[in-house]
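To convert, take the position in the sequence shown, counting from 1, and add 30; that gives my numbering.
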Amino acid sequence: MKELIFKVTLTAAFFISAISFAQGINKKSLLNELNKTYGIALSADEKTSFENANSALVLELFGLDEKNLSKENRDKEINKLFDKRDKTLTSSLGINKYSDIKSKTDEKIAETMQKVKQAKMIP
């Protein structure tokens, strides 16, 4: 009997954790997370370029859900979109400024990518 209760508890815990990962991400919260520079000062033009690149990324990410891709293909597309953002920011901010930002935000961006891969996009 104890074993049965234990198995039921584990199964319930699994489903609860799976449901929490399947929760959605909305545009505003994703954009707010991406626009954080964590203390790196940007000029007005740099800030505009940074925010525009992030806005473009968010729009393209939300467009992926409309394509009904397999999980594997969706993850590849998400990686490509984040790489595209990196290239855009490198060219618009310059390699030195973007390297400074990337060094501060790399872990958070990786976490955000994982959240995006595991979540459904909610407009």
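In this text, a Cβ means the ideal position worked out from N, Cα and C, and glycines have one as well. All of these numbers come straight from a predicted model, not from anything done at the bench.
Answer yes if the stretch 82 to 92 comes into contact with the stretch 106 to 114, meaning at least three C-beta pairs across the two stretches below 8 Å, and no otherwise.
-> The stretch 106 to 114 and the stretch 82 to 92 touch, with no fewer than 3 CB-CB distances between them shorter than 8 Å.
DSSP-derived helix/strand/coil call for residue 124 = DSSP places residue 124 in coil when its eight states are reduced to three.
Endpoints, beta strand (DSSP E) assigned at residue 54 | The continuous beta strand (DSSP E) containing residue 54 extends over residues 54 to 56.
Neighbourhood of residue 108 by C-beta distance below 8 Å, restricted to the same chain and skipping five residues each side | Closer than 8 Å at the Cβ level, and outside the excluded window around residue 108, lie 91, 94, 143, 146 and 147.
Tell me, to the nearest whole angstrom, how far the beta carbon of residue 135 is from that of residue 66; I am working on the premise that it is less than 8 Å.
-> Indeed they touch by this definition, with Cβ atoms about 7 Å apart.
If you run the structure through DSSP and keep just helix, strand and coil, what is residue 147?
-> DSSP places residue 147 in helix when its eight states are reduced to three.
How would you write the range of the alpha helix (DSSP H) that residue 78 sits in, first residue to last?
-> From DSSP, the alpha helix (DSSP H) with residue 78 extends over 74 to 94.
Taking the C-alpha atoms as reference points, what is the distance between residue 140 and residue 75?
-> Approximately 26 Å between the Cα atoms of the pair.
C-alpha gap between residue 103 and residue 56, whole angstroms = Cα to Cα, residue 103 sits roughly 21 Å from residue 56.
Counted within 10 angstroms of its Cβ, other Cβ atoms place residue 71 as buried (16 or more) or exposed = Residue environment: residue 71 is assigned as exposed (fewer than 16 neighbouring CB atoms within 10 Å of its CB, all protein chains considered).
So what does DSSP say about residue 66, is it helix, strand or coil?
-> Look at residue 66 here: in three-state DSSP terms it is coil, with no helix or strand label.
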